[in-house]
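Before any comments, here is the structure.
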Amino acid sequence: MTRRHGRRAQVTAHLLLALVAAGLPAARVAAQAPRTDPSADAPAEPPPPEAEPPRCSRARRRAAPALALTAGLLLHGTGHLLACERRTGRRLLAAEGLGFGALVLGGGGIALTGASRKTVAPFATLAILGVGTFAASWLADLYGTLSGGANAGRPARAAPFELALGYRYVHDPQFAYGHGLHLAAEGWLHRTRLFGGAWLALDDDTQRATAGLSQRLLGARGRGDALDAEAALHGQRFGTDGFRTLGVDVLLRGRLELAHLGPTLAGSFVEAEVGLGLQGFGYDATGRGVREDWNGLLLGRVGWGVFLGPSGELVAYYDHRRDDLAGGLSVDSVASGVLGHFGLAGRGYIRDGRWGLAGELELGSALVVGLSVLHRGAAPREGGAR
Amino acid sequence: MSTRPLALLLLALACTLRPAEDHVRLDERVGRAETPDTLVLEEDGLAAIREATPRGARLWAASPVLHLRLRTAGGPFELVVRNTLRDATLTLDDGTVIEREPGGLPTEARFVLDLPAGVERTARLAPPDADAAGSFHVAVLSDVQDAIGEVQDIYERMRADPSLRFVVSTGDLTDSGTRAQLVRFQEELETLPIPLYSTVGNHEVPGPEAWHDLFGPFNAFFRFRGVAFSLVDSSTATVDPALRRERLRPWLEAHRDAPHLFLTHVPILDASGLRSGAFRSRNEAASLLQELADAEVDALFFGHVHSYYAYSLAGIESYIAGGGGAIEEELDGIGRHYLRVEVDGARGVLGVGLVRVD
Chain A
11 MTRRHGRRAQ VTAHLLLALV AAGLPAARVA AQAPRTDPSA DAPAEPPPPE AEPPRCSRAR
71 RRAAPALALT AGLLLHGTGH LLACERRTGR RLLAAEGLGF GALVLGGGGI ALTGASRKTV
131 APFATLAILG VGTFAASWLA DLYGTLSGGA NAGRPARAAP FELALGYRYV HDPQFAYGHG
191 LHLAAEGWLH RTRLFGGAWL ALDDDTQRAT AGLSQRLLGA RGRGDALDAE AALHGQRFGT
251 DGFRTLGVDV LLRGRLELAH LGPTLAGSFV EAEVGLGLQG FGYDATGRGV REDWNGLLLG
311 RVGWGVFLGP SGELVAYYDH RRDDLAGGLS VDSVASGVLG HFGLAGRGYI RDGRWGLAGE
371 LELGSALVVG LSVLHRGAAP REGGAR
Chain B
11 MSTRPLALLL LALACTLRPA EDHVRLDERV GRAETPDTLV LEEDGLAAIR EATPRGARLW
71 AASPVLHLRL RTAGGPFELV VRNTLRDATL TLDDGTVIER EPGGLPTEAR FVLDLPAGVE
131 RTARLAPPDA DAAGSFHVAV LSDVQDAIGE VQDIYERMRA DPSLRFVVST GDLTDSGTRA
191 QLVRFQEELE TLPIPLYSTV GNHEVPGPEA WHDLFGPFNA FFRFRGVAFS LVDSSTATVD
251 PALRRERLRP WLEAHRDAPH LFLTHVPILD ASGLRSGAFR SRNEAASLLQ ELADAEVDAL
311 FFGHVHSYYA YSLAGIESYI AGGGGAIEEE LDGIGRHYLR VEVDGARGVL GVGLVRVD
């Protein structure tokens, strides 16, 4: 056996060991989780609060967030276990195991195949979902031990239409633009959401526009439990820099309220999307329009968030795409050129629910900061259209 | 209220948005050593000056042609330049040709100078055909990483090809860029009778100071026999905007008339977009491709992906050749390899051949 083959075998052995270590306890605990009907066309109601042990001292509950922050970094759910929320704690631990297992399987697959063009898409998708699950289970442990299920926030119901007008600043050291006008609109037609948006640089000849439609496959209209299939077009024109791009995406996007895992997690959720894209590039230098170069695009996004009040939310996310204004993050290590960007987005409505604000912060190859005013055509009633 | 946390946050942000800025700043210091009595300067920053004393200097060349400025304290001054072409000679500004001292490695040029004390002289280190017309061959080799123990297989193939003038690389010569690994790479290179010029890969990023000390510039721009070579640092999946603005853009403009080979480690766009082992921002990638196409660059060479691809970007023929031995891309049937490129100052790129080593 050559030294090079020996090296690969060594990597394989380590990955298999890690998989076994991660996967076995995860599978065991996951088997204890209650089943839900994935075909239901309405959000599953959070389960009733579980029967708690008769006594759980206030000191244990107070110490739980600290444990979630420390030992909980390694074993997610330990904060809940200390706070006598055993079932939730076990589920979070199972989620961590599943996430870690997916990460090892995905990352290991990439390593073992040398990032082969033929297998990289499923392995990378698995790794992204694994990272998301792993991170969300820790954040959920921390959130649940801090909130104790007292967060009364709930998902916003869908309004017939929503408009956004705002300002978005993009600091990208590669480009001259900075200040931009952000416009967006969306509307529901039965279970189909139509959406569009644009970013128009105010200090440069650069524009970006998006349009698409999203079909709700599972769940009610609005921002709660849902599974959507989406298709979108993205066009960019960089007049100053002499190029244009046109991209098409198809993806699946899901959101799950974490109250399904335990009552302390009420008011929080996870979301994920996976899909594929194709992007065309055109250059002034060649003059062949956006058909000069074609490049595929792997789409993957994972996020964790909380509902704020009757219709607001805040979500932290990782988005694997590198074709937008935020681009991908560089790290001063061998991992350069792999990552997408991280972001934080929030929205909320005031007064009668017609007017609201949305903000975003993204960090990749550029820093993106935005604030928009939202307007909804009609304030949706509680328990509105589905 | 302390402003330190905010300052640290802004610093971290700046590092994230311009991760290669320190490489650009280090490049500004490459090729210069000066004391009150002596000056050793490579005018284009294309040599690491490893040692400079009143009695001599030791350099590592990052280009087949060096333009030197020398000032000594008088008396014999030994100039040793490693990583040179085997037929390179030193020509002083008055036309005097200094022959190499006998012995040593083919890629090590030793000259003994006797210059008047305190007088600054210019000198050109180059082979006799540095400005000649006609075609020549170079090899493109990248991504050796932890396969340094087997790199002699590749050098053996190269030694069997006497037409090769030098090797150019997009980096990832070592596994993690430590000083010991870089020294080991240079020691292994001693068996190769031709020099190797390289930019950095992402595996060299963790130790930029070691690269700066031992190899010199992260970015190298030179012209040989009428062909322009750009070796550009994309080790952090981006090209620093100051480098593009202050060095690459003027270089592209100045050599628009010449055949131009552009080498950088990370593919500007990966041939496999779903993998996207490429620039961190596709908008930056498109912007750079527009600039390279506009300057009529003839060929792009990348590493980073451990396989071989020939494709086109912005109408420019493009190659990924990460076959130096790092863990290979499976299911592609490629294995270790390098490229053999024939290029002519008047006619451009005449051929790019894949040389399989395994």
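Note that the protein sequences, when read in sequence, are chains A and B.
For the first sequence, the numbering used here gives the first residue as 11, with consecutive numbering after it.
For the second sequence, the numbering used here gives the first residue as 11, with consecutive numbering after it.
Ideal Cβ placement from N, Cα and C applies to all residues, glycine included.
Once the 5 residues before and after B/Q196 are set aside, which same chain residues still bring their CB inside 6 Å of it? none
Any Cβ of chain B within less than 8 Å of the Cβ of A/T296? Yes, because at least one Cβ of chain B sits closer than 8 Å to the Cβ of A/T296.
So, with DSSP's three-state summary, where would you put B/Y165? helix
Using the Cβ count rule (16 or more neighbours within 10 Å means buried), how would you classify A/R233? buried
Looking at the C-beta of A/F253, does it have a partner C-beta in chain B at a distance below 8 Å? yes
Quick one: which unbroken beta strand (DSSP E) runs of 3-plus residues sit fully inside the stretch 136–164 of chain B? Chain order, please. 145–150
Cβ-based neighbour list, B/V307, same chain, cut-off 6 Å, excluding 5 preceding and 5 following: H270, F272, I326
Buried or exposed (CB count within 10 angstroms, at least 16 for buried), B/L202: buried
Measuring only between beta-carbons, confirm whether A/N161 sits less than 8 Å from chain B. no
Using a Cβ-Cβ cut-off of less than 7 Å, list which residues of the stretch 307–331 of chain A approach chain B; keep chain order. L307, L308
So is B/S282 in contact with chain A if we call contact Cβ pairs under 8 Å? yes
Select from B/G343, B/A331, B/P227 the residue whose C-alpha is nearest the C-alpha of B/R60. B/P227
Please report the straight-line C-alpha distance between B/A58 and B/E200, rounded to a whole angstrom. 17 Å
On the CB-based measure, 16 or more other CB atoms within 10 Å of its CB, does B/L341 come out buried or exposed? exposed
When you check each C-beta in the stretch 283–305 of chain B against every C-beta of chain A, which residues fall closer than 9 Å? G283, L284, R285, S286, G287, A288, F289, R290, S291, R292, N293, E294, A295, A296, S297, L298, L299, Q300, E301, L302, A303, D304, A305
Please list the terminal residues of the continuous alpha helix (DSSP H) segment that includes A/R71. Where A/R71 is concerned, the enclosing alpha helix (DSSP H) stretches over 68–79.
Quick check on A/A186 - is its C-beta less than 8 Å from some C-beta in chain B? no
Comparing alpha-carbon positions, which option in A/G287, A/A219, A/Q184, A/L266 lies nearest A/D251? A/Q184
To the nearest angstrom, how far is it from the Cα of B/G66 to the Cα of B/T209? Answer to the nearest angstrom: the Cα atoms are 27 Å apart.
Can you look up A/G109 in the DSSP assignment and give me helix, strand or coil? Three-state DSSP puts A/G109 in a helix.
Considering only the alpha carbon of each residue, which of A/L223, A/G287, A/A162 lies closest to A/G257? If we check each option's Cα against that of A/G257, A/G287 comes out closest.
Inspect the beta-carbon positions of A/R332 and A/G350 and report whether they are closer than 8 Å. yes
Alpha-carbon spacing of A/A61 relative to A/R96, whole angstroms: Any reading at A/A61 needs caution, since the residue's pLDDT is 48, under 50, leaving its predicted position unreliable; the model's value is listed next. Computed Cα separation, rounded: 10 Å.
Looking at chain B, is there any beta carbon in it that lies within less than 8 Å of the beta carbon of A/Y293? yes
On a Cα-Cα basis, can you pick out the residue from B/H347, B/R79, B/L36 that is closest to B/A133? B/A133 has its Cα closest to that of B/R79, out of B/H347, B/R79, B/L36.
Inter-residue Cα distance where the pair is A/F205 and B/I164: 55 Å
For the beta strand (DSSP E) containing A/N305, list its first residue and its last residue. 303–318
Measuring only the C-alpha atoms, how far is A/L149 from A/V325? Their Cα atoms are separated by approximately 12 Å.
Got a sec: which bits of the stretch 325–350 of chain B sit with their beta carbon under 8 Å from any beta carbon on chain A, in order along the chain? G325, G335, I337, E338, E339, E340, L341, D342
Quick one: residues in its chain with C-beta nearer than 6 Å to the C-beta of B/A71, no 5 flanking neighbours on either side, listed in chain order? A57, V91, N93, T94
Going along the chain, which residues of the stretch 273–294 of chain A sit with their C-beta nearer than 9 Å to a C-beta in chain B? Legend: CB atoms of the stretch 273–294 of chain A lying less than 9 Å from CB atoms of chain B belong to residues L286, G287, L288, Q289, F291, G292, Y293, D294.
Check the C-beta distance from B/S317 over to B/E352 and give it rounded, since I have them as a contact under 8 Å. The pair is not a contact, with the Cβ atoms about 22 Å apart (cut-off 8 Å).
Starting from the beta carbon of A/A376, find every residue of chain B whose beta carbon is closer than 8 Å, and list them in chain order. L27, S291
Pick from A/R71, A/R201, A/D182, A/A241: whose alpha carbon is nearest that of A/A169? A/R201
DSSP puts A/P165 in a beta bridge; with which residues? Answer by DSSP bridge pairing: none, since A/P165 is not bridged.
Closer than 7 Å by beta-carbon distance: list the chain A residues that pair up with B/A58, in chain order. Within 7 Å Cβ-Cβ: nothing; B/A58 doesn't reach chain A, min ~22 Å.
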